[in-house]
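Novice: Dropping a structure here in structure tokens format, bear with me for questions.
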Amino acid sequence: MSRCIAVANQKGGVGKTTVTINLAAALSSAGKRILVIDADPQGNTTSGFGVDKNAQEHTVYELLLGEADADAVISRLEESGVDLIPANVDLAAAEIELIDVDGKEYRLKNAVEPVKDRYDFILIDCPPSLSMLTINAMTTADTVLVPIQCEYYALEGLSQLVKTVDLVRERLNPALEMEGVVFTMYDARTRLSAQVVDNVRDHIREHVFKTIIPRNIRLAEAPSYGRPINLYEPKSAGTEAFRLLAEEVMERAI
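Quick note: the sequence shown, position 203, residue 833 per our numbering, numbers continuous.
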């Protein structure tokens, strides 16, 4: 049975794209069938997999507008073993074009439904805002995974996101659950990182993953080479962290 995870946080710069790309690649390396959906008009997940986002004939934009079906927009990425529905700046126009469309909150869910059972996991990279794109991701998803940067205002962003998830569950997707919180950009040399981790664990009821993603030079470099960290630097601390995170996600899916 497929499990769809929306990777979301209304704060920008918390590592959503890094988590989406590298968790997908780690799950694929573990033998799972993976579909990644780039739902952010910046298209960073698309380019992070080495795909030229501006050269795509069909993207998630055409999928949402009903101009192409899922099979037409899915790209098979041989190196990472992941399937990808790409995005580019065209997606920014989708919000306006869907304003008067009936059932606009379920466009992505309905479009993905025919191919959902081909995959063990579907990961959706959400934009850093509460937009119609984020809502579409959350109506499609079974769970929401929240990356949190180890910084002073981490808890504030998390509380806003939890309220959003509760609202979507109440009005649009009663089955939506929290997958959990994963800490990113952890710097073991600073007291602040450890304090943020302790603070969040003390204040939230949601599941917190044991795996913490470190601040890592190789992890930061990998997207510019269009490769997940496990292909760019197989022996790095970032590769090991995402392998462990993938194990936790697979355990929770059982």
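From the three backbone atoms N, C-alpha and C, an ideal C-beta is built for every residue, glycine too.
So is Glu809 buried or exposed if we call it buried at 16+ other beta carbons inside 10 Å?
Specialist: Glu809 counts as buried, since at least 16 other C-beta atoms from the protein chains shown sit within 10 angstroms of its C-beta.
Novice: What residue ranges within the segment 805-856 form continuous alpha helix (DSSP H) runs of no fewer than 4 residues, ordered along the chain?
Specialist: 821-833 and 847-851
Novice: Could you tell me which uninterrupted beta strand (DSSP E) segments, each at least 3 residues in length, are contained entirely in the segment 730-793, listed from first to last along the chain?
Specialist: 751-755 and 773-779
Novice: In this structure, what does DSSP give as the bridge partners for Leu665?
Specialist: Asp713 and Ile752
Novice: Only counting the same chain, and skipping five residues up and downstream in sequence, which positions put a Cβ closer than 7 Å to that of His688?
Specialist: Ala698, Ala702 and Val703
Novice: Would you check if there are 3 or more beta carbon pairs closer than 8 Å linking the segment 668-675 to the segment 717-725?
Specialist: yes
Novice: Starting from Val690, trace the alpha helix (DSSP H) in both directions and tell me its first and last residue.
Specialist: Val690 to Leu695
Novice: Can you give the Cα-Cα distance for Pro757 and Ala636, rounded to whole angstroms?
Specialist: 11 Å
Novice: Can you tell which of Leu707, Glu727, Val712 and Asp713 has its C-alpha closest to the C-alpha of Leu695?
Specialist: Distances from the CA of Leu695 to each of Leu707, Glu727, Val712 and Asp713 were compared; the closest alpha carbon is that of Glu727.
Novice: Check the DSSP bridge columns for Ala636 and list the partner residues they point to.
Specialist: Answer is Ile754 and Val774.
Novice: Quick one: is Thr820 buried, meaning 16 or more other Cβ sit within 10 Å of its Cβ, or exposed?
Specialist: exposed
Novice: What is the C-beta distance between Val649 and Val812, in whole angstroms, given that I count them as a contact (C-beta under 8 Å)?
Specialist: 6 Å
Novice: For Pro853, tell me which candidate among Leu693, Thr647 and Asn639 has the shortest Cα-Cα distance.
Specialist: Just measuring C-alpha positions, the residue of Leu693, Thr647 and Asn639 sitting nearest Pro853 is Thr647.
Novice: Can you give the beta carbon distance from Lys746 to Ser658, rounded, assuming they're within the 8 Å contact cut?
Specialist: With 8 Å as the limit, Lys746 and Ser658 do not qualify as a contact, their Cβ atoms being about 17 Å apart.
Novice: Who does Arg799 pair with in a DSSP beta bridge?
Specialist: Its beta-bridge partners do not exist; DSSP assigns none.
Novice: For Gln790, count the other beta carbons within 10 Å of its own beta carbon; 16 or more makes it buried, fewer makes it exposed. Which is it?
Specialist: exposed
Novice: So what does DSSP say about Leu707, is it helix, strand or coil?
Specialist: strand
Novice: According to the neighbour-count rule (16 or more other Cβ atoms, all chains shown, within 10 Å of its Cβ), is Gly868 buried or exposed?
Specialist: Gly868 should be labelled buried.
Novice: From this set, Ala883, Ile859, Glu881 and Lys865, which residue's C-alpha is nearest Ser710's C-alpha?
Specialist: Ile859
Novice: Using only alpha-carbon positions, find the residue among Asp796, Asn740, Glu851 and Asp668 that is nearest to Thr773.
Specialist: Asp796
Novice: How far does the alpha helix (DSSP H) with Lys900 in it extend, from its first residue to its last?
Specialist: With the chain represented from 631 up to 884, any question about residue 900 goes unanswered, as that position is not in the structure.
Novice: Would Ser866 pass as a contact of Arg848 if the rule is Cβ separation under 8 Å?
Specialist: yes
Novice: When burial is assigned at 16 or more other CB atoms within 10 Å of the CB, is Ala805 buried or exposed?
Specialist: exposed
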